[in-house]
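A.B. asks: Encoded as C-alpha cells, here's the structure I'll be asking about.
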C-alpha cells in the first residue's frame, strides 16, 4: 500500500474506545469461534486514523 500521511499541527494522537475483549485481541489473544472481535478493533482504529489524518497517494 503506497500512501503518504500529512500530519496536521496538534493532531499527533488518536482516541479509540475498545472493549476489553477487543484490546486483548489486538495483543494476540485469540477468541476461538469469534474472529470478529479483532476485526472490529482494527476497523475502529483504521476509522479513527482516517478521520484524524489526511491519507493521500504519493505523487507519480
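Residue numbers (the working numbering): 3 to 62.
Glycine residues also receive a C-beta, built at the ideal position from the N, C-alpha and C atoms.
(1) With burial defined as no fewer than 16 other Cβ atoms inside 10 Å of the residue's Cβ, what is the status of residue 24: buried or exposed?
(2) Distance cutoff 8 Å, beta carbons only. Does residue 35 sit that close to anything in chain D?
(3) By a C-beta neighbour count over all protein chains shown, 10 Å radius and 16 as the cutoff for buried, is residue 39 buried or exposed?
(4) Using only the alpha-carbon positions, how far apart do residue 34 and residue 44 sit?
C.D. replies: Considering the structure as presented:
(1) To locate residue 24, count along the chain shown from 1; it is residue 22. So residue 24 counts as buried.
(2) The structure shown contains no chain D, having only a single protein chain.
(3) Here the question's residue 39 lines up with position 37 in the chain shown. Result: buried.
(4) Reading the chain shown from its first residue, position 32 is the one you call residue 34. Reading the chain shown from its first residue, position 42 is the one you call residue 44. C-alpha separation (whole angstroms): 18 Å.
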